[in-house]
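One structure below.
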Amino acid sequence: YPLSLLSHLSLSLSLWSAPLSCSEGFTELGFYNGSVSQTDSGAPCLRWAEFPDYVLQYPGRGLGEHSYCRNPDRESNPWCFFRQTSGAIGWAYCDCHQGAARLMGGTSSRSGRVEVYLNGQWGAVCDSHWTDRDASVICRQLGLG
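Read in order, the letters of the sequence shown are residues -23 to -1, 1 to 122 in mature numbering (1 follows the signal peptide of the UniProt record, and there is no 0).
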């Protein structure tokens, strides 16, 4: 739908509680401190407390009783440990696009169908019951004001 029609649509704002990008959670020292907790392949991250050697090796770098992605070693991308389908423990970079939004199929860069990236894929947002507040949120997220 063209953005001019977004004021007539509605979207639950709880959808936007997901982090928008890993780049939004970095501290001034370069450590990721956000709330992404899923790998690029969609696997849930394991709790850092399950890896006490890392917690001890990197004190004060945000590791603990949570499964949020981190980069305690100052890797440029946040990462986490996860359980592979074989049962083995692996590590992977995190899904930094979770919750991102885009417009598709419009006649300009300011119109189109709203799509959200969730669980490794893009999907259209249902178009009923949008409020002006919902439209304002998505417009800001898309950099349109």
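Every residue gets a Cβ at the ideal spot worked out from N, C-alpha and C, and that includes glycine.
On a predicted model such as this, the values are computed, not experimentally measured, just so you know.
According to the neighbour-count rule (16 or more other Cβ atoms, all chains shown, within 10 Å of its Cβ), is aspartate 30 buried or exposed? Within the sequence shown, numbered from 1, the residue matching residue 30 stands at position 53. The residue in question, aspartate 30, is exposed, as its Cβ has fewer than 16 Cβ neighbours within 10 Å.
Check whether the region 39 to 51 and the region 81 to 100 are in contact - that is, three or more C-beta pairs closer than 8 Å. no
From isoleucine 115 to tyrosine 94, what distance separates their C-alpha atoms? Sequence index remark: in the sequence shown, residue 115 carries index 138 (1-based). Sequence index remark: in the sequence shown, residue 94 carries index 117 (1-based). Roughly 13 Å between the two C-alpha positions.
Here's the rule: buried if 16 or more other CB atoms are within 10 angstroms of the residue's CB, otherwise exposed. What is glutamine 15? Residue mapping note: residue 15 aligns to position 38 of the sequence shown, counting from 1. When all chains shown are included, glutamine 15 counts as buried.
Inter-stretch contact at 8 Å, needing at least 3 Cβ pairs: the region 85 to 92 / the region 37 to 47: no
Residue span of the alpha helix (DSSP H) that contains leucine 33, given as start and end: For the purposes of this step, residue 33 is identified with residue 56 of the sequence shown, where counting begins at 1. From DSSP, the alpha helix (DSSP H) with leucine 33 extends over 29 to 34.
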